[in-house]
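Enquirer: Sending over a structure as structure tokens; questions will come in a sec.
Residue numbers (the numbering used here): 224 to 436.
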């Protein structure tokens, strides 16, 4: 039976890399599939990894009915053996339900990749629905590290170098001088204390134009 499987982790845990590796493994065995994404750092319609891997993908807009899209592709004679969905935390709950219908009704395996919680430590709506519906939920085994060297479990947002825990759930990097939006991963202890790499005196902080891997 086809399954809906969710692979989740923090930033820097290799989600997009695994999504692209999964696609490669299927393609190397002669299988055909569809790749979807939403708000990738490389721009619309792309899946990109921090290791430099990139692939074209279909951008998931708010109005896209993924199930209907797949049905239309099948009706047009396209072969679809699997569906890969990167940045799944940004999908609407209704779109997650459509992914479940693809697995159950069409017999197509669906592999979703994303982040569970935002910078406020709250579940993304898409991730929450995936946890509720997925046949399996896997935490990625590649551990991102906090600046202190401990396992990173939380995503943090800083504005002008100061960690914030309030604001819009999704914010594209601000280029205004002195008010740059940046993201880094922290262990729970330092996230709760709001101690980032910058105000700890640690040397490295990752600046990304988009918030999540």
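All C-beta atoms in this analysis are idealised placements derived from N, C-alpha and C, irrespective of residue type, glycine included.
If you're wondering where the values come from, they're calculated on a predicted model, not measured in any experiment.
So, do the segment 410-421 and the segment 267-275 have three or more beta carbon pairs nearer to each other than 8 Å?
Expert: no
Enquirer: Among 224, 227 and 236, whose alpha-carbon lies nearest the alpha-carbon of residue 364?
Expert: To locate residue 364, count along the chain shown from 1; it is residue 141. Of the candidates 224, 227 and 236, the one whose C-alpha sits nearest the C-alpha of residue 364 is 236.
Enquirer: Could you name the residues that DSSP lists as bridge partners for residue 415?
Expert: Position 192 of the chain shown, counted from the start, is the residue given in the question as residue 415. Partner(s): none; residue 415 has no beta bridge.
Enquirer: How would you write the range of the alpha helix (DSSP H) that residue 329 sits in, first residue to last?
Expert: The residue given as residue 329 occupies position 106 in the chain shown. Run containing residue 329: 316-329, per the alpha helix (DSSP H) assignment.
Enquirer: With burial defined as no fewer than 16 other Cβ atoms inside 10 Å of the residue's Cβ, what is the status of residue 479: buried or exposed?
Expert: Not covered by the structure: residue 479. The range shown for the chain is 224 to 436.
Enquirer: Just mark residue 246 as buried or exposed, buried being the case when its beta carbon has 16 or more other beta carbons within 10 Å.
Expert: Here residue 246 is taken as the residue at index 23 of the chain shown, counted from 1. Answer is buried; the Cβ neighbour count reaches 16.
Enquirer: Determine whether the beta carbon atoms of residue 311 and residue 226 lie at a separation below 8 Å.
Expert: For the purposes of this step, residue 311 is identified with residue 88 of the chain shown, where counting begins at 1. For the purposes of this step, residue 226 is identified with residue 3 of the chain shown, where counting begins at 1. Going by C-beta atoms, residue 311 is not nearer than 8 Å to residue 226.
Enquirer: Applying the criterion that 16 or more other CB atoms from any shown protein chain within 10 Å of the CB defines a buried residue, is residue 408 buried or exposed?
Expert: Counted from its first residue, the chain shown places residue 408 at position 185. By the neighbour-count rule (16 or more Cβ atoms within 10 Å), residue 408 is buried.
Enquirer: Among residues of its own chain, excluding the 5 on either side of residue 263, which ones have a beta-carbon nearer than 8 Å to its beta-carbon?
Expert: In the chain shown, residue 263 corresponds to position 40, counting from 1. Exclusion of the five residues before and after residue 263 leaves 239, 269, 270, 271, 280, 309, 310 and 433 as the residues of its chain whose Cβ lies within less than 8 Å of its Cβ.
Enquirer: How should residue 242 be labelled, buried or exposed, when 16 other C-beta atoms within 10 angstroms of its C-beta is the threshold for buried?
Expert: Sequence index remark: in the chain shown, residue 242 carries index 19 (1-based). With 16 or more other Cβ atoms within 10 Å, it is buried.
Enquirer: State the DSSP-derived secondary structure class of residue 289, mapped to helix, strand or coil.
Expert: Mapped onto the chain shown, residue 289 falls at position 66. Three-state DSSP puts residue 289 in a helix.
Enquirer: Classify residue 399 as helix, strand or coil using the three-state DSSP reduction.
Expert: For the purposes of this step, residue 399 is taken as residue 176 along the chain shown, with counting starting at 1. Its pLDDT being 44, under 50, residue 399 is placed unreliably by the model, and nothing is read from it.
Enquirer: Buried or exposed for residue 399, please, with buried defined as at least 16 other CB atoms from any protein chain shown within 10 angstroms of its CB.
Expert: Walking along the chain shown from the start, residue 399 turns up at place 176. Confidence at residue 399 is low in this model, with a pLDDT of 44, below 50, so the placement of that residue is unreliable and no value is reported for it.
Enquirer: Which first and last residues belong to the beta strand (DSSP E) in which residue 359 is found?
Expert: In the chain shown, the residue the question calls residue 359 occupies position 136. That run of the beta strand (DSSP E) goes 359-362.
Enquirer: In this structure, does DSSP put residue 255 in helix, strand or coil?
Expert: As a first step, residue 255 must be located in the chain shown, where it is residue number 32. Correct three-state label for residue 255: coil.
Enquirer: Give the DSSP bridge partners of residue 231, in chain order.
Expert: On the chain shown, position 8 is the one that residue 231 refers to. Answer by DSSP bridge pairing, in chain order: 337 and 362.
Enquirer: Among residues of its own chain, excluding the 5 on either side of residue 322, which ones have a beta-carbon nearer than 6 Å to its beta-carbon?
Expert: If you number the chain shown from 1, residue 322 lands on position 99. Answer for residue 322: 227 and 333, listed in chain order.
Enquirer: Roughly how many angstroms separate the alpha carbons of residue 421 and residue 385, rounded to a whole number?
Expert: By 1-based counting over the chain shown, the position of residue 421 is 198. By 1-based counting over the chain shown, the position of residue 385 is 162. Just so you know, the alpha carbons of residue 421 and residue 385 end up roughly 8 Å apart.
Enquirer: Would you call residue 335 buried or exposed, if buried means 16 or more other Cβ atoms sit within 10 Å of its Cβ?
Expert: As a position in the chain shown, residue 335 is number 112, starting the count at 1. It counts as buried.
Enquirer: If you draw a straight line from the C-alpha of residue 376 to the C-alpha of residue 404, how long is it?
Expert: Here residue 376 corresponds to residue number 153 of the chain shown, with the count starting at 1. Here residue 404 corresponds to residue number 181 of the chain shown, with the count starting at 1. Each residue's Cα considered, the two are about 20 Å apart.
Enquirer: Nearest to residue 278 by alpha carbon, out of 343, 224 and 256?
Expert: On the chain shown, residue 278 is found 55 positions in, with the first residue counted as 1. Per the Cα distances, 256.
Enquirer: Measure the C-alpha to C-alpha separation of residue 224 and residue 328 and round it to an integer number of angstroms.
Expert: Within the chain shown, the letter at position 1 stands for residue 224. Within the chain shown, the letter at position 105 stands for residue 328. Looking at the two C-alpha atoms, the distance is approximately 10 Å.
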